Amino acid sequence: LGNKIAAIQTVSSIISSIESQEALKLLFRINGRNIGDPMDPPYVNYNGVYGQFDHLLVLKRDDCLACGKIEGEENVQLVVPFDADVGYIFKAMEISEHKLDPDLWMITNPMTKEIYWNPYMPSLKDPNIKLTSLKIKSNDIITLSPLGKALAESEIKKYNVVIAFM
């Protein structure tokens with residue numbers, strides 16, 4: 001047959017069996033029986049061009065949204081309608097069990113530092129402005145920061161919010 005690369009189904013099966021084997025190692029270890037050390041490093045990359053698996057060393061970063069250890073920050077993903085406005089962000093936060101008073105929180109873009117909502121500035125306090133008119137796209141991150149009384153009383157000093165349009 002010559003030098004042929006495995007079919008997609010074969011590669012998927014191999015990856016699934018590796019995942020299952022690692023899960024079994026951890027389950028047995030929890031119950032006091034060691035059937036082998038977990039894979040270290042725990043990440044594997046499949047190179048389809050060469051048909052080989054490579055181990056990846058992935059380090060956690062303290063400033064990472066997903067795996068970091070930043071205290072006083074919460075990471076939230078909001079799914080909003082395509083025609084959502086700034087006021088809907090606060091409604092969606094309440095739905096996701098983070099009730100915030102719009103008069104005590106500011107919304108900014110963490111990359112550009114642009115202010116989208118500031119309750120202390122009348123020109124930046126329009127709850128009806130559409131997110132799309134602010135050039136917010138799906139998977140963009142916005143930051144909600146407390147002001148005034150909320151700054152003194154809230155344990156959370158910043159919400160990193162990933163916006164996803166439905």
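Position one of the sequence shown corresponds to residue 1 (the UniProt record's numbering), numbered consecutively onward.
Don't be surprised by glycine CBs; every beta carbon is placed ideally from N, CA and C.
These numbers were taken from a predicted model, which means no experiment stands behind them.
Open item on the list: Quick check on DSSP: helix, strand or coil for PHE82?
Closed with: As a working mapping, residue 82 is identified with position 82 in the sequence shown. Of the three classes helix, strand and coil, the one that applies to PHE82 here is coil, per DSSP.
- [ ] Taking ILE14 as part of the alpha helix (DSSP H), name the residues at either end of that continuous run.
- [x] Numbered from 1 along the sequence shown, position 14 holds the residue referred to as residue 14. Unbroken alpha helix (DSSP H) run through ILE14: 8-30.
TODO: My understanding is that PRO127 touches GLY87, with C-beta atoms under 8 angstroms, so please give their C-beta distance in whole angstroms.
DONE: Position 127 of the sequence shown holds residue 127. Position 87 of the sequence shown holds residue 87. The Cβ separation is near 3 angstroms, so the contact holds.
- [ ] Count the CB pairs spanning the region 108-115 and the region 130-149 that are closer than 8 angstroms, and state whether there are at least three.
- [x] yes
TODO: Determine the closest residue to LYS99 out of ALA7, ILE14, GLY68, SER154, with distance taken between C-alpha atoms.
DONE: Position 99 of the sequence shown, counting from 1, holds the residue named residue 99. Answer by Cα proximity: SER154.
Task: Identity of the residue in ASN139, GLY148, VAL162, LYS158 nearest PRO119 by Cα - done: What you label residue 119 is simply residue 119 of the sequence shown in a count that begins at 1. Per the Cα distances, GLY148.
Task: Residue of LYS130, TYR46, VAL76 minimising C-alpha distance to ALA7 - done: For the purposes of this step, residue 7 is identified with residue 7 of the sequence shown, where counting begins at 1. Per the Cα distances, TYR46.
TODO: Just confirm the distance between the C-beta atoms of LEU26 and PRO42, as a whole number of angstroms; I'd bet it's less than 8 angstroms.
DONE: On the sequence shown, position 26 is the one that residue 26 refers to. On the sequence shown, position 42 is the one that residue 42 refers to. At roughly 10 angstroms, the Cβ-Cβ gap does not stay under 8 angstroms, so LEU26 and PRO42 are not in contact.
Open item on the list: On the criterion of 16 or more Cβ atoms from any shown chain inside 10 Å, does ALA92 qualify as buried, or is it exposed?
Closed with: In the sequence shown, the residue the question calls residue 92 occupies position 92. By the 10 Å Cβ count, ALA92 comes out buried.
- [ ] Starting from the Cα of GLU74, find the closest Cα among GLN9, LYS113, ASN160, PRO102 and give me that residue.
- [x] As a working mapping, residue 74 is identified with position 74 in the sequence shown. Of GLN9, LYS113, ASN160, PRO102, the residue nearest in Cα terms is ASN160.
Task: LYS158, enclosing beta strand (DSSP E) - first and last residue - done: In the sequence shown, counting from the first residue as 1, residue 158 sits at position 158. Its beta strand (DSSP E) spans residues 158-165.
TODO: Closer than 7 angstroms by C-beta to residue 167: which residues in its own chain qualify, once you throw out the five before and the five after it? Chain order, please.
DONE: Residue 167 cannot be examined here, being either before or after the span of the chain that is shown, 1 to 166.
- [ ] Just the C-alpha distance for ASP54 and LYS135, rounded to the nearest angstrom, thanks.
- [x] The residue labelled residue 54 in the question sits at position 54 within the sequence shown. The residue labelled residue 135 in the question sits at position 135 within the sequence shown. Those two C-alpha atoms are separated by around 39 angstroms.
Open item on the list: Tell me which residues share the same chain as VAL76 and place their Cβ nearer than 8 angstroms to its Cβ, disregarding the 5 neighbours each side in the sequence.
Closed with: Reading the sequence shown from its first residue, position 76 is the one you call residue 76. Closer than 8 angstroms at Cβ, skipping near neighbours: MET93, SER96, HIS98, TYR159, ASN160, VAL161, VAL162.
- [ ] Assign ASP140 to one of three DSSP states: helix, strand, or coil.
- [x] For the purposes of this step, residue 140 is taken as residue 140 along the sequence shown, with counting starting at 1. Strand.
Open item on the list: Comparing C-alpha positions only, which one of LEU131, LEU104, ALA152 sits nearest to PRO81?
Closed with: Taking the sequence shown and counting its residues from 1, the one referred to as residue 81 is at position 81. Looking at the Cα atoms, LEU131 is the closest of the given residues.
Open item on the list: Please report the distance separating the alpha-carbon of CYS64 from that of ALA164.
Closed with: Counted from its first residue, the sequence shown places residue 64 at position 64. Counted from its first residue, the sequence shown places residue 164 at position 164. Distance between the alpha carbons of CYS64 and ALA164 is about 19 angstroms.
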